[in-house]
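Count along the sequence shown starting at 1, add 15, and that's the number in the working numbering.
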Amino acid sequence: MNARIYTIGHSNQTLESFLLLLSGHAVGVVVDVRSTPTSKYSPQFNGATLAVSLTRSGFKYVSMGLELGGRPSTSSYYDVKHRVLYDQVAQSSAFKQGIQRLQKGSESDTIAVMCSEEDPTHCHRRLLVGRVLGEAGVQVAHIRADGSLQTEAELARLEQATEREPQLALFESPGEYRAWRSAKPIPSASRKDAPRTSSRR
């Protein structure tokens with residue numbers, strides 16, 4: 016039987032609600048994949064605070080934002096539109112080691128990969144981390160705020176049923192929007208360097 020790894024987004028829910036979601040799916044380890052493990056409006060999910068809360072409640076907290084975060088700190092992982100180039104991130108040694116660590120951990124623990132967005136549809140925990148795990152044979156399922164479980168297969172079918180080809184922006188070539196990259200631009204304040212330009216190779 017293939018290993019299963021969950022994903023979950025903390026959003027602005029209470030810590031108590033979050034813990035209930037974890038317990039409801041027998042999660043034992045929370046792997047934080049936020050590049051910056053802080054939450055301005057939900058301080059209960061700041062990394063250090065959350066680590067203490069989870070430990071006190073019988074869970075393990077592992078920070079892996081450096082290896083598996085969705086906002087790389089250097090320019091080589093961004094296109095000219097400030098979107099993260101997931102294909103390049105996935106080839107980095109740090110990311111590969113992070114994925115291997117998740118796979119190894121899932122052999123003995125029930126893991127939930129955590130980011131901030133409740134909806135996994137456009138979150139990197141699904142588009143990047145979940146995709147690579149799935150390609151490696153791991154069953155990926157998403158824990159939603161109402162306690163329901165959404166498998167990756169179900170989410171993919173839902174997307175296919177509702178997807179409409181987006182309007183191409185001026186000067187954008189057909190198929191460009193299909194590239195494997197982040198759904199949204201990442202502000203430059205989230206990284207050390209400015210995004211690369213077309214003159215940089």
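Note that beta-carbon positions come from the ideal geometry of N, C-alpha and C, so glycine has one too.
From a predicted model like this one, the values you see are computed outputs, not experimental measurements.
Evaluate residue i with the Cβ neighbour count: other Cβ atoms within 10 Å of its Cβ, from every protein chain shown; 16 or more gives buried, anything less gives exposed.
i           : result
residue 173 : exposed
residue 177 : exposed
residue 69  : buried
residue 22  : buried
residue 82  : buried
residue 128 : buried
residue 135 : buried
residue 92  : buried
residue 71  : exposed
residue 104 : buried
May I ask you to report which of helix, strand or coil DSSP gives residue i?
i           : result
residue 85  : coil
residue 99  : strand
residue 196 : strand
residue 43  : coil
residue 20  : strand
residue 106 : coil
residue 144 : helix
residue 151 : coil
According to the Cβ coordinates, are residue i and residue j closer than 8 Å?
i           : j           : result
residue 114 : residue 148 : yes
residue 151 : residue 118 : yes
residue 131 : residue 49  : yes
residue 26  : residue 47  : no
residue 158 : residue 36  : yes
residue 19  : residue 100 : no
residue 139 : residue 85  : yes
Using CA atoms only, rank isn't needed, just tell me which of the options is closest to residue i.
i           : options          : result
residue 168 : 42, 194, 141     : 141
residue 29  : 54, 18, 40       : 54
residue 43  : 76, 200, 63, 170 : 76
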